[in-house]
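Asker: Just so we're aligned: 9 in our numbering is position 9 of the sequence shown, and the numbers increase by one with no gaps anywhere.
For every residue, glycine included, the Cβ atom is placed at its ideal position computed from N, Cα and C.
Note that the structure is a prediction, hence the values are computed from the model and not measured.
Below you'll find the structure I mean.
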Amino acid sequence: MAELHELKTFTSGNGNLTVFEDIIPGAIQRVFYIYEAGQGARAGHRHIRAWNALICLNGSCRIYTNNGDEETTFHLKSPRQCLVLAPEDWHIMDEFSSDAILLVVSNETYDKDDYIYEPYPNSRLIMADSE
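Here you go:
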């Protein structure tokens, strides 16, 4: 099940330092970021093995998740927020603000065979109706 974490942040007169550690199982194998994404939806999949952590470094975006039992919508609006997606969390990301930069950290390298694109049968795809 997707979990929203507040990352540990140290604030001083020199700015903020936010720490990402011990958030996903295993070692970090892949890091990528999404920007200039517009309002369109991205992702639309889940994984067999990969755990992912999503951090909106700048701006904001919305993430819909469904683990087969529960559907939830999250709004990432701060670089201190980290949404952890387990492999079974089918997800869609959308409503990117014009300045959004979404960082994704994974414990697996890219493998096309790790992706499952079919939504769960019970999916209501609540994206259009959520706040």
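Using DSSP's beta-bridge definition, name the partner residues of Ile34.
Answerer: Leu102
Asker: Under a three-way DSSP split, which group does Ala128 fall into?
Answerer: Low per-residue confidence applies at Ala128: pLDDT is 45, beneath 50, and the placement is therefore not dependable, though the value from the model is reported in the following sentence. Looking at Ala128 - three-state DSSP - the assignment turns out to be helix.
Asker: According to DSSP, is Lys112 part of a helix, a strand, or is it coil?
Answerer: helix
Asker: Per the DSSP calculation, Met93 is bridged to which residue(s)?
Answerer: BP columns for Met93 point to Arg42, Ile63.
Asker: Looking at Phe74 and Leu4, is the spacing between their C-beta atoms short of 8 Å?
Answerer: yes
Asker: Report the residue from His91, Glu95, Ala50 whose alpha carbon sits nearest the alpha carbon of Gly40.
Answerer: Nearest option by C-alpha distance: Glu95.
Asker: In chain order, what residues of the same chain lie with their CB nearer than 8 Å to the CB of Arg124, ignoring the 5 residues before and after it?
Answerer: Glu71
Asker: For Arg62, which option in Asn107, Val31, Ile101 has the closest C-alpha, if you only look at C-alpha atoms?
Answerer: Ile101
Asker: Please return the same chain residues whose Cβ sits closer than 6 Å to the Cβ of Gly59, not counting the five positions on each side in sequence.
Answerer: Ser97, Asp99, Ala100
Asker: Rounding to the nearest angstrom, what Cα-Cα distance links Tyr35 and Glu88 in this structure?
Answerer: 25 Å
Asker: Could you tell me the boundaries of the beta strand (DSSP E) in which Lys77 lies?
Answerer: Neither: Lys77 is in no beta strand (DSSP E) and is coded neither H nor E.
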